[in-house]
Amino acid sequence: MSLLVTGSIGIDTVKTPFGVSENCLGGSAVYFSYAASFFAPVRFVGVVGPDCPFKLAEVFKGRNVDLAGLEVREKSKTFRWSGTYLDDMDNRTTDYLELNVLAEAPPKVPAAFSDSKYVFLANTAPKLQLELLEQIKQPQFVAADTMNCWIESNLSHLKLLLKRIDCLIINEDEARLLACEKNLIKAGKNILDMGPKAVLIKKGHAGSLLCSTNGEQFILPAFPVENVIDPTGAGDSFAGGFMGYLVQKHKTDVKSLKEAIAYGTVTASFTIEGFSLNGLSTINRADIDARFEALRKMTSF
Ligand code: AMP
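Numbering (this note's numbering), first residue to last: 2 to 302.
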């Protein structure tokens, strides 16, 4: 089964209480693809400028990630983001956000990708997410992520997008902002009223909450990790593990969604153990499965 992702490719500068990682590889589509590739082949669609210092073909060497949808756009500039984490490692401030190529037209979906059945619209401008989705013929399951800056600056496009997707994956502050509601259960319900069949709310080290239109609710704590080095990309890796597992299983029933949440949870737990992709690039599928079983033991009673 085919899983297509589009989102950002970023030059990140990240500051945590454990150090600074300057101009490292980041971006929502990058973290997502690496994480999802432990489960299923990934079709990557994204755009950078000629200033991009990273060779994505090298980064994804040996992974099942098809970079046919990677565009290097002349006369443009790569997206840049910088964030600083507070001591709790859950909250961060954005130091700067340079949209650059993300403020332009979306990359083109290669013809060979247009039959993709599973689609993840990782964090990028909602207008680009919509234009990208238009290029897919008959998707079966579409999930999307968004964030505060898009909710604040691009709400009309975001609302159109919500009518077109099956599942929104969003963090708790963003869910409250989008729903104009402090209580997360009510916020989840308000967002379901905007269109998606399921809303998956990420709560940092407190885990995640699934609300769906059939009334189903599911909660799962985060996998406990002793050395959190850099939480950047945890949300995208969570989404990658989640979508990757659904594609591997080729099912989206409630039981599979719950298992996929557990896989997303443990995949993200590796990302936060290092800067950039370091936490993911040193593990294999067996490591993920071992934590999946450990999480199952820790949460059953
Ligand atoms: P996460 O920690 O899962 O929210 O993902 C952080 C990654 O998303 C970083 O590597 C950034 O490059 C990227 N990012 C941050 N802000 C945005 C944005 N507004 N749009 C797209 N990608 C972003």
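Idealized CB from N, CA, C, for every residue including glycine. Remember, predicted model here, so these are calculated numbers, not experimental data.
Exercise for review: Can you tell me which of the three DSSP states K204 falls into?
Suggested key: Within the sequence shown, residue 204 is the residue found at index 203, counting from 1. Three-state result, K204: coil.
Review point. What do you reckon, are the CB atoms on S83 and D237 nearer than 7 Å?
Key: Taking the sequence shown and counting its residues from 1, the one referred to as residue 83 is at position 82. Taking the sequence shown and counting its residues from 1, the one referred to as residue 237 is at position 236. Not closer than 7 Å, so no.
Review point. How would you write the range of the beta strand (DSSP E) that D146 sits in, first residue to last?
Key: Along the sequence shown, one-based indexing puts residue 146 at 145. F142 to D146 is the extent of the beta strand (DSSP E) around D146.
Point to revise | Cβ-heavy atom distance, T7 to the ligand AMP, below 6 Å | key: The sequence position of residue 7 within the sequence shown is 6, counting from 1. No, the beta carbon of T7 sits no closer than 6 Å to any heavy atom of the ligand AMP.
Practice item. Out of A261, V43 and G8, point me to the one whose CA is closest to L133's CA. Key: The residue you call residue 133 lines up with position 132 of the sequence shown. The shortest Cα separation from L133 among A261, V43 and G8 belongs to G8.
**Study point:** Simplified DSSP assignment, three categories, for T72
**Key:** Numbered from 1 along the sequence shown, position 71 holds the residue referred to as residue 72. According to the sequence shown, residue 72 is Glu rather than Thr. Of the three classes helix, strand and coil, the one that applies to E72 here is strand, per DSSP.
Point to revise | Nearest candidate by alpha-carbon position, reference L1, set P108, F239, K204 and S34 | key: A query on residue 1 cannot be resolved here, the shown segment of the chain reaching from 2 to 302 and no further.
Review point. How about the segment 55-68 and the segment 254-272: do they share at least three Cβ pairs that are nearer than 8 Å?
Key: no
Review point. Can you round the beta-carbon distance between V110 and G50 to whole angstroms, since I take them to be within the 8 Å contact cut?
Key: Translated into the one-based positions of the sequence shown, residue 110 becomes position 109. Translated into the one-based positions of the sequence shown, residue 50 becomes position 49. Not a contact, Cβ separation roughly 20 Å.
Check your understanding: Cβ atoms of A235 and I273: under 7 Å apart, would you say?
Key -> Taking the sequence shown and counting its residues from 1, the one referred to as residue 273 is at position 272. Taking the sequence shown and counting its residues from 1, the one referred to as residue 235 is at position 234. Yes, the pair counts as a contact, with Cβ atoms nearer than the cut-off.
Review point. If you compare alpha carbons, which of L278, L4 and S34 is closest to L305?
Key: With the chain covering only 2 through 302, there is no way to say anything about residue 305.
Check your understanding: What alpha helix (DSSP H) runs, 4 residues minimum, are completely inside the segment 44-117?
Key -> 57-60
Review point. With G90 and P197 assumed to form a contact (beta carbons below 8 Å), what rounded beta-carbon distance in angstroms separates them?
Key: By 1-based counting over the sequence shown, the position of residue 90 is 89. By 1-based counting over the sequence shown, the position of residue 197 is 196. A small correction: the amino acid at residue 90 is Met; Gly does not occupy that position in the sequence shown. Incorrect: roughly 29 Å between the Cβ atoms, too far for contact.
Exercise for review: Classify G20 as buried or exposed, calling it buried when 16 or more other Cβ atoms lie within 10 Å of its own Cβ.
Suggested key: Working through the sequence shown from its first residue, we reach residue 20 at position 19. Label assigned to G20: exposed.
**Study point:** Whole-Å CB distance - I289 paired with V267, under 8 Å assumed
**Key:** Your numbering for residue 289 matches position 288 in the sequence shown. Your numbering for residue 267 matches position 266 in the sequence shown. With 8 Å as the limit, I289 and V267 qualify as a contact, their Cβ atoms being about 6 Å apart.
Check your understanding: Should G208 be counted as a contact of the ligand AMP given a C-beta to heavy atom distance under 6 Å?
Key -> Working through the sequence shown from its first residue, we reach residue 208 at position 207. For the ligand AMP, not one heavy atom lies less than 6 Å from the Cβ of G208.
Exercise for review: Going by CA-CA distance only, name the one from F271, T300, R74 and M299 that's closest to G47.
Suggested key: As a first step, residue 47 is located in the sequence shown; it is residue number 46 there, counting from the start. Nearest of F271, T300, R74 and M299 to G47, Cα basis: R74.
Check your understanding: Any chance the CB of S29 is under 6 Å from a heavy atom of the ligand AMP?
Key -> As a position in the sequence shown, residue 29 is number 28, starting the count at 1. Yes.
Exercise for review: With DSSP as the reference, label E311 as helix, strand or coil.
Suggested key: Nothing in the structure corresponds to residue 311, since the chain is present only between 2 and 302.
**Study point:** Secondary structure of N24, DSSP reduced to three states
**Key:** On the sequence shown, residue 24 is found 23 positions in, with the first residue counted as 1. In the structure shown, N24 sits in a strand (DSSP, three-state: E or B).
Point to revise | Exposure label - L156; buried when at least 16 CB within 10 Å | key: Here residue 156 refers to the residue found at position 155 of the sequence shown. Flag for L156 reads exposed.
Review point. By the 10 Å Cβ neighbour count, where 16 or more other Cβ atoms means buried, how is F302 classified, buried or exposed?
Key: Here the question's residue 302 lines up with position 301 in the sequence shown. Exposed, because fewer than 16 other Cβ atoms sit within 10 Å of the Cβ of F302.
Check your understanding: Can you tell which of F45, I202, S282 and V200 has the C-alpha that lies nearest to the C-alpha of A113?
Key -> Taking the first residue of the sequence shown as 1, we reach residue 113 at position 112. The shortest Cα separation from A113 among F45, I202, S282 and V200 belongs to F45.
Check your understanding: Based on Cα-Cα distance, which residue from A145, D167, D96 and L178 lies nearest to E344?
Key -> Residue 344 lies beyond the range of the chain shown here (2 to 302); nothing can be said about it.
**Study point:** CA-to-CA distance, L185 to A207, given in whole angstroms
**Key:** One-based indexing of the sequence shown puts residue 207 at position 206. One-based indexing of the sequence shown puts residue 185 at position 184. Going by the C-alpha atoms only, they are around 13 Å apart.
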